[in-house]
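Protein chains: 2
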Amino acid sequence: MKPDKNLLSGSTTLLILSLLSGGDMYGYEMIAQLEARSDHTFTLREGTLYPILHGLENKKAVTSYEKESPSGRKRKYYHITRKGLRLLDEKKAEWQVFSEKVNAIVTGAAGAMA
Amino acid sequence: MKPDKNLLSGSTTLLILSLLSGGDMYGYEMIAQLEARSDHTFTLREGTLYPILHGLENKKAVTSYEKESPSGRKRKYYHITRKGLRLLDEKKAEWQVFSEKVNAIVTGAAGAMA
DNA sequence: AATTATACCTCGATTATCTAGGTATATTAT
DNA sequence: ATAATATACCTAGATAATCGAGGTATAATT
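Protein sequences, first through last, are from chains A and B. Using our numbering, the letters of the first sequence map in sequence onto residues -2 to 111. Using our numbering, the letters of the second sequence map in sequence onto residues -2 to 111.
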């Protein structure tokens, strides 16, 4: 079992929206960006990403449009909406609280006992 | 959908072993401790905890023994083994790398673009 | 005496991710 | 030219972690 797989669970939406907050991006690119920016710590799979993008589009957190690459290949770009930015803020806040609490328990474990 | 539920996924073992590294503890107590120490951020359910404890015992990361409470109720205490401490170190390292990379992407999203 | 809290447990449902397929087009290698 | 690889999208079924809801048993409270 890859250990990261489960840690990733729950933060994928946060990561995707974070990427999109920096500019429009297409799916394949997001996978490469996450891989690169995390130094290969997480590898989001296509089977995970595309359904999530469709879900985000359904709830109007992102919109999409097609654009051809210079070489002529079709790409589907995603753009974060105002609603998506609000969602991002929520996810960010959640993540910050969560990671803070985990750190508190992990680092405080030795000193918290009598 | 409770948002924490999925963030929690993957860090439960880390949290449990962290608690046990501070001293022996019984299941019901762990749930209360996690709730208290995280300021109600995560609530580990019994249906989640007990199977994990049994799994950790199977892989010799913890041992268990029964002890009666002052009032006479039976409690099953868990004790972290040397192997469990090694596992804890691994999980800690994983968590640190993971949370660091998430933070990098979340906070760097705006500035990383051209 | 009945209800609530403590303390353990398990099974089936839910949900997120992955694996493994599929389609189509462009690039690179032979 | 042709085959193989890389890009780019997609979905369905398998896998895995958590939860919900139940169960048992005993102590404390009402």
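Cβ atoms here follow ideal geometry from the backbone N, Cα and C, with glycine treated the same way. Please read these numbers as outputs of a predicted model, since none were measured by experiment.
Inset, instruction - Would you mind sorting B/T10 into buried or exposed? The rule is 16 or more other CB atoms within 10 Å of its CB. - result: Indexing the second sequence from 1 puts residue 10 of chain B at position 13. Buried, by the Cβ-count rule.
Inset, instruction - For B/D36, return the contacting residues in chain A, with the cut-off set at a CB-CB distance below 8 Å. - result: Your numbering for residue 36 of chain B matches position 39 in the second sequence. Result: K98.
Legend entry - For B/Y25, the residue or residues it bridges with in DSSP: Stepping through the second sequence from its first residue, residue 25 of chain B is reached at position 28. DSSP output for B/Y25 lists no bridge partner at all.
Legend entry - Neighbourhood of B/S66 by C-beta, 7 Å cutoff - its chain only, sequence neighbours within 5 removed: Residue mapping note: residue 66 of chain B aligns to position 69 of the second sequence, counting from 1. Excluding positions up to five away in sequence, the list reads R72.
Inset, instruction - Taking only beta-carbon positions, decide if B/G44 is within less than 7 Å of chain A. - result: One-based indexing of the second sequence puts residue 44 of chain B at position 47. It does not; no Cβ of chain A falls within 7 Å.
Inset, instruction - List the residues of chain A that B/N3 touches, going by C-beta distances under 7 Å, in chain order. - result: By 1-based counting over the second sequence, the position of residue 3 of chain B is 6. Under the 7 Å cutoff, chain A gives S6, G7.
Legend entry - Minimum Cβ-Cβ distance from B/S15 to chain A less than 7 Å: Counting from 1 along the second sequence, the entry for residue 15 of chain B is found at position 18. So, interface residue.
Legend entry - Beta carbon proximity, A/V103 to chain B, threshold 7 Å: In the first sequence, residue 103 of chain A corresponds to position 106, counting from 1. Closer than 7 Å: yes.
Inset, instruction - Would you please verify whether the beta carbon of A/L53 is less than 7 Å from any beta carbon of chain B? - result: As a working note, residue 53 of chain A is residue 56 in the first sequence. So, not an interface residue.
Inset, instruction - Could you name the residues of the same chain whose beta carbon sits closer than 6 Å to that of A/A111, not counting the 5 residues immediately before and after it, in chain order? - result: The residue labelled residue 111 of chain A in the question sits at position 114 within the first sequence. Note that A/A111 scores a pLDDT of 44, beneath 50, so its modelled location is shaky; the value from the coordinates is reported in the next line. Correct list: empty, nothing qualifies.
Legend entry - Own chain residues within Cβ distance below 7 Å of A/L46, not counting five before or after: Sequence index remark: in the first sequence, residue 46 of chain A carries index 49 (1-based). So the list reads G24, M27, I28, once near-sequence residues are dropped.
Legend entry - Among A/K88, A/V103, A/A33, A/S15, nearest to A/Y75 - alpha-carbon criterion: Sequence index remark: in the first sequence, residue 75 of chain A carries index 78 (1-based). Of the listed residues, the one whose Cα sits closest to A/Y75 is A/S15.
Legend entry - Proximity test, Cβ basis, 7 Å: B/V59 and chain A: Along the second sequence, one-based indexing puts residue 59 of chain B at 62. For B/V59, the answer is no, since every Cβ of chain A falls outside 7 Å of its Cβ.
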